[in-house]
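Here the protein sequences line up with chains H and S, keeping their order.
Under my numbering, the residues of the first sequence are numbered 1 to 203, in order.
Under my numbering, the residues of the second sequence are numbered 204 to 406, in order.
Don't be surprised by glycine CBs; every beta carbon is placed ideally from N, CA and C.
Nothing here was measured: the structure is a model prediction, and the numbers come from that model.
2 protein chains.
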Amino acid sequence: MVHLFVSRRRDEIPRWRSAFPDARLVNADQARVMATAGDRIWLMTDCPEWSPLASYLASRNVIVVVMALSPSDQEALQALQAGARGYIHALSPAELLQQVALVTGNQGIWVPTELLSRVLGATFKGLGGAERLPRESLTTLTERERAVAMAVAEGLSNKAVARQLDITERTVKAHLGAVFRKLAVRDRMQLVLMLARQDERVS
Amino acid sequence: MVHLFVSRRRDEIPRWRSAFPDARLVNADQARVMATAGDRIWLMTDCPEWSPLASYLASRNVIVVVMALSPSDQEALQALQAGARGYIHALSPAELLQQVALVTGNQGIWVPTELLSRVLGATFKGLGGAERLPRESLTTLTERERAVAMAVAEGLSNKAVARQLDITERTVKAHLGAVFRKLAVRDRMQLVLMLARQDERVS
DNA sequence: ACGCGCCCTGTCCTTCGGTCCAATATTCTT
DNA sequence: AAGAATATTGGACCGAAGGACAGGGCGCGT
Numbered sequence: 001m002v003h004l005f006v007s008r009r010r011d012e013i014p015r016w017r018s019a020f021p022d023a024r025l026v027n028a029d030q031a032r033v034m035a036t037a038g039d040r041i042w043l044m045t046d047c048p049e050w051s052p053l054a055s056y057l058a059s060r061n062v063i064v065v066v067m068a069l070s071p072s073d074q075e076a077l078q079a080l081q082a083g084a085r086g087y088i089h090a091l092s093p094a095e096l097l098q099q100v101a102l103v104t105g106n107q108g109i110w111v112p113t114e115l116l117s118r119v120l121g122a123t124f125k126g127l128g129g130a131e132r133l134p135r136e137s138l139t140t141l142t143e144r145e146r147a148v149a150m151a152v153a154e155g156l157s158n159k160a161v162a163r164q165l166d167i168t169e170r171t172v173k174a175h176l177g178a179v180f181r182k183l184a185v186r187d188r189m190q191l192v193l194m195l196a197r198q199d200e201r202v203s
Numbered sequence: 204m205v206h207l208f209v210s211r212r213r214d215e216i217p218r219w220r221s222a223f224p225d226a227r228l229v230n231a232d233q234a235r236v237m238a239t240a241g242d243r244i245w246l247m248t249d250c251p252e253w254s255p256l257a258s259y260l261a262s263r264n265v266i267v268v269v270m271a272l273s274p275s276d277q278e279a280l281q282a283l284q285a286g287a288r289g290y291i292h293a294l295s296p297a298e299l300l301q302q303v304a305l306v307t308g309n310q311g312i313w314v315p316t317e318l319l320s321r322v323l324g325a326t327f328k329g330l331g332g333a334e335r336l337p338r339e340s341l342t343t344l345t346e347r348e349r350a351v352a353m354a355v356a357e358g359l360s361n362k363a364v365a366r367q368l369d370i371t372e373r374t375v376k377a378h379l380g381a382v383f384r385k386l387a388v389r390d391r392m393q394l395v396l397m398l399a400r401q402d403e404r405v406s
């Protein structure tokens, strides 16, 4: 099992070697002829024809991870479509590279989490999948919970909401906790993003 | 780190225990209250509200793998959209279950390969349109500040942004402080609201 | 050489946000 | 009458967020 880094640049990035001491840096043509089933190819997107190369290698059971200096959603999709098992930032720390190697080596897919959510969002729309509950979600809330949620969505702090509704900050927290639970969001950030996205659709 | 199998049925499937001898079989309600960050939840789709439950657990940093007795593309997408890290056949052999646990436990995604290609095919079509980004108005920001601002606008925490840009959390705060000053906003809440409003205008 | 802006990091401190442990009163349902 | 849901609050706890202050390094223009 061999690690090959494929890039147009002649110099290595230190973290690559630190992650895989016995890796080699090669160009696209070398990779095409050298790689065999089970090898790991780390393919930089600065190569002119990285996408077809990834397809070719993947079809030969080579584990391909695409690396980008400035990752984007479209490129990530292109990489996965080409058969790559992962897509990461080229300057990821060594431990992360090793983790990616572990995951991809076990039939797993590795994509940065923040990319994943956006990619899947697009997927769902593209498939015409079932619409998420838009206003429905707010109706599951009680009157007070809704009031708190709306105020928070305006950007108010817990203390400000408490003043506005004339209740204790503690009570605001209680209601807000219920809102988080019911809408399955982590924190107020996810709440405002959720409501913002909803507004978008309506308008 | 605990393994919990969540299903409506009362009897276990032998391969589950064979894969994870100290796992427990619980119902949906028990899982909701028992699971904490880092735990592994194996969620059967025979549970009535498995999708919202997956969302809730995923938001609490629980590793969720959805299991189906008759897998489908649509259901796989739904599972991943809900934040599940994997989607497999409920009767998969023990070794496969362990492999999935390894992959998902290392930030990986696990889906059956034949499913993946179909899913990505649909995805690629769906994401044809260009992403709309409010970059124009952020011209007063430096490159780094803009990167941080965009990440924060996605709802990421400072720590998450730090991981993504491979800098310390402290540096993220520094950039973010500069962003607040330049854009004349008080905190990250006002930032996301400002960017959300802008997005609206563009569309 | 010097100043300047940008990028990165550190420590210390305060406030805010969120959860877990409660408890009490009211209303509505069964 | 008993039970469930709702609204309200308390305390304690811990991590996240943000500011204040203080640096070091790098590139660029004068």
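Beta bridge counterpart(s) of residue i as assigned by DSSP
i	result
Phe208(S)	Leu228(S), Trp245(S)
Gly86(H)	Val65(H), Trp110(H)
Beta carbon of residue i nearer than 8 Å to that of residue j
i	j	result
Ala226(S)	Ala261(S)	no
Ala234(S)	Ser258(S)	no
Val355(S)	Leu386(S)	no
Ser210(S)	Leu228(S)	yes
Gln107(H)	Gln302(S)	yes
Ile266(S)	Leu207(S)	no
Ala282(S)	Leu256(S)	no
Ala76(H)	Leu115(H)	yes
Glu394(S)	Ala363(S)	Correcting the residue identity first, residue 394(S) is Leu in this sequence and not Glu. No. Outside cutoff.
Ile312(S)	Ile88(H)	no
Glu348(S)	Val382(S)	yes
Ala196(H)	Ala399(S)	yes
Val204(H)	Thr104(H)	In this structure chain H extends from 1 to 203, so residue 204(H) is not present and cannot be described.
Selected residue, minimal CA-CA separation from residue i, among the options
i	options	result
Arg9(H)	Asp46(H), Arg144(H), Val66(H)	Asp46(H)
Met204(S)	Ser210(S), Arg235(S), Asp276(S), Gly241(S)	Gly241(S)
Thr113(H)	Gly86(H), Leu69(H), Arg170(H), Gln164(H)	Gly86(H)
Met397(S)	Gly155(H), Ser70(H), Pro14(H), Thr142(H)	Gly155(H)
Ala304(S)	Asp390(S), Phe223(S), Ile370(S)	Phe223(S)
Trp219(S)	Arg373(S), Gln277(S), Ala293(S), Asn230(S)	Ala293(S)
Arg321(S)	Met392(S), Asp276(S), Thr307(S), Ile291(S)	Asp276(S)
Ser295(S)	Ala399(S), Arg389(S), Ile216(S)	Ile216(S)
Met392(S)	Thr371(S), Ser360(S), Gln367(S)	Ser360(S)
Glu298(S)	Ile370(S), Ile312(S), Ser221(S)	Ser221(S)
Met34(H)	Asp11(H), Arg60(H), Pro48(H), Glu49(H)	Arg60(H)
Val111(H)	Thr142(H), Ala147(H), Pro71(H)	Pro71(H)
Leu344(S)	Val269(S), Arg384(S), Arg400(S)	Arg384(S)
Within chain S, the residues that residue i reaches when beta carbons sit closer than 7 Å
i	result
Gly155(H)	Met392, Gln393, Leu396
Ala196(H)	Ala399
Under 9 Å by beta carbon: chain S residues contacting residue i
i	result
Val109(H)	In the sequence on display, residue 109(H) carries Ile and not Val. Result: Val306, Gly311, Ile312, Trp313, Val314, Leu319.
Start and end residues, alpha helix (DSSP H) containing residue i
i	result
Phe383(S)	372 to 386
Leu299(S)	297 to 307
Arg17(H)	14 to 19
Ala149(H)	143 to 153
Ser51(H)	50 to 59
Ala363(S)	361 to 368
Ala279(S)	276 to 284
Contacts that residue i makes with chain H (C-beta to C-beta distance below 8 Å)
i	result
Pro255(S)	Ala184
Ser258(S)	Ala184
Residues that residue i contacts on chain S, provided the C-beta gap is smaller than 8 Å
i	result
Pro93(H)	Asp369
Chain-ordered chain H contacts of residue i [CB-CB under 7 Å]
i	result
Gln302(S)	Asn106, Gln107
Ser262(S)	Ala184, Val185, Arg186
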